[in-house]
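Have a look at the structure below before the remarks.
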Amino acid sequence: MFRDAGSPWSRSITTGASTYLVVLATVSLFALASPVLAQPDQIPLVSNPATSTGEPNGLISVMIVGDSITQGQEGDWTWRYRIWQWFKDEGIEVDFVGPWWGTWSSEKADPLSEQLLSCSPLDGSEPPTQKMSGGYAVGVDPAFDSDHFSAWGRQLAQDNALIREMVTTYQPDYLLVLLGFNDIGWFVSDARGTFESMITFIGEARTAKPDIKMALGNVPQRRFMSGRYDLPVQTDIYNRMLEAAIPRWSTPMSQIELVRMQENYECDIDGCPAGYDGLHPNALGEYQIAQAFSRTLLSNFSLGKTELAIPAHIPDRPLSIPTHFHAVSTSKGITVTWDIVYGATGYDLEYRLVGTDDCGVIYLGINRYDTSWVLDGWEYIFKIRSRYGETTTEWSDPVSAVYHSRTPVGEISRVREEGISGYCTDHIGHELDGRPPPYTVGTSLSLYNRQCSYSCSLADRLPSIMRNSLLVCQAVVEIYGGAKRSEEL
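Counting with mature numbering (1 follows the signal peptide of the UniProt record, and there is no 0), you get residues -38 to -1, 1 to 451 for the letters of the sequence shown.
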């Protein structure tokens, strides 16, 4: 329970089993909690809920639609795998369909190869293929039919523009849908807007296939995020709206049923034993989500004879200390590299500048770190450990390196740029004022498109290519500097 006794503009409210403090100035949050929960004229409705259609005859096709909770991280089993196992155990012939087959893959740091800069697409375009080809947990059945339509960062507001084409192309009998967290969690919309996105989603899917069946998961709570008092409230409001509307949305031809994912998923504002980071499912959470879907498929669609059972023993996540951990002096400072650890979500790099109080820990999503603004003769000591959400390995043995400048004093900067097709460049410039060369060599690159912007520091080279609405850059920069220079493209 959140309290702010010092604020005259707050009060506590109770939604379900939880109590929240809500700022009354944001009164629009509560306008959505009225009994009028759906607009019955926006999608085909009937007065009575649809009845079960009975056991399937022959192969059924299923498209699983979701976000990061559903796509999974490289090394995950995923709840998609667990529900596939359930279909198999129940003797149901199923074909999972969709444009992608993999998890979210880890990035390998290599400045000489193409890299994607992180910038989430906002226009509904698909993520880059590099991020859709990650592997699964060691031990996954090689027969796993892993096709899906789920992507990290995906919103209902995006899939509205995509689901008709997906259903038209793949013609699934069933949609298993788990979307909505990103709409509410990342301020794309509030509960009402997310609810309206679901209405559009259903209408688009039915336009492509009028007899499609849908199992719609509600939105999970996550462990409390500082400053986000609105999130649990908006999530609860949306879930109540969804539950009230589904019986009116369902038709005899196109059955729609609620999946009580939130109620079965051990994750709320007070803690998240089902998640590895306060939201995304660990091995236990994957089972819990799959169990919730199996329960609806069994009870409401008459698929199978028993719901998925969660085993007493949940497999541990393999996680090891990074190997081939090295630090070397380069033209830009000190470069630290290590081998990717399969299944790690990131790395903690501990650094210390010898002879000073300068030390700390940096979280990194790739297997490389480059220091900047390093002076000749400086020595750094580093340690590394792998991270899976909030779980970490032990620290590695330390490595160290001394920076030796390779920049001749007094030479001017040289910059070579390559074109960036279809995008604009603000500037590539060298900021060398106020410090003696050669130690102040540095540069920055700012690019933008209609969707997002990205700024990065670089010294030797940063090649990449543009895909969809992701912002990436293509530029080769060589620095031999002592002079200030700015280049406009």
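The beta carbon of each residue, even a glycine, is placed where N, CA and C say it ideally should be. The structure displayed is predicted, hence computed values, not measured ones.
Rounded straight-line distance, which links the Cα of residue j to that of residue i
i    : j    : result
S30  : M176 : 20 Å
D359 : Y98  : 29 Å
P243 : S367 : 46 Å
G20  : P134 : 14 Å
L220 : T258 : 7 Å
Q33  : L140 : 11 Å
V181 : E225 : 10 Å
G308 : P172 : 43 Å
M223 : L260 : 15 Å
I22  : A306 : 35 Å
G64  : F58  : 13 Å
A236 : L246 : 6 Å
W148 : Y342 : 38 Å
G155 : T197 : 12 Å
Y313 : N329 : 15 Å
D278 : T213 : 43 Å
L193 : I231 : 10 Å
Q35  : A105 : 19 Å
W48  : F157 : 30 Å
G317 : T292 : 21 Å
S188 : E352 : 17 Å
K70  : F186 : 32 Å
W211 : G327 : 42 Å
R190 : Y227 : 20 Å
Y132 : K50  : 21 Å
D320 : T268 : 59 Å
W340 : A363 : 8 Å
R202 : E52  : 31 Å
Buried/exposed call for residue i, threshold 16 Cβ in 10 Å
i      : result
V(-12) : Only weak support is given to the placement of V(-12): the predicted model assigns it a pLDDT of 29, under 50, and the question is left unresolved by the model.
W114   : buried
S256   : buried
V129   : buried
S68    : buried
C229   : buried
M94    : buried
L409   : Its pLDDT being 36, under 50, L409 is placed unreliably by the model, and the measurement read from it follows with that caveat. L409 should be labelled buried.
Whole-Å CB distance - residue i paired with residue j, under 8 Å assumed
i    : j    : result
L204 : V27  : That belief does not hold up - the Cβ atoms of L204 and V27 are roughly 15 Å apart, past 8 Å.
A254 : G179 : 7 Å
Y200 : I125 : About 19 Å; that fails the 8 Å criterion.
D109 : W46  : Not really, about 10 Å apart at Cβ, beyond 8 Å.
W300 : P280 : So it is not a contact: roughly 17 Å between Cβ atoms.
W39  : V102 : 6 Å
Chain-order list of residues whose beta-carbon lies under 7 Å from that of residue i (same chain, five-residue window excluded)
i    : result
V361 : F287, H288, A289, F344
N122 : S159, T162, F163, E166
G295 : D332, T333, S334, V336, Y365
S282 : V303, S348, T355
N144 : D29, G115, R116, Q117, V150
8 Å Cβ cutoff met for residue i and residue j
i    : j    : result
F111 : G142 : no
V56  : V24  : yes
L311 : V298 : yes
G96  : W66  : yes
R184 : G233 : no
I54  : G266 : yes
Y350 : Y238 : yes
Close beta carbons around residue i, own chain, < 6 Å, minus the five adjacent residues each side
i    : result
L74  : Only weak support is given to the placement of L74: the predicted model assigns it a pLDDT of 33, under 50, and the question is left unresolved by the model.
I208 : I218, L220
A170 : R126, V129, T130
A153 : L(-7), Q196, I199, Y200
W357 : K345, R347
D338 : S367
Nonlocal neighbours in the same chain, by C-beta distance under 8 Å from residue i, ignoring five residues either side
i    : result
Y249 : W41, R44, L270, I272, P273, I276
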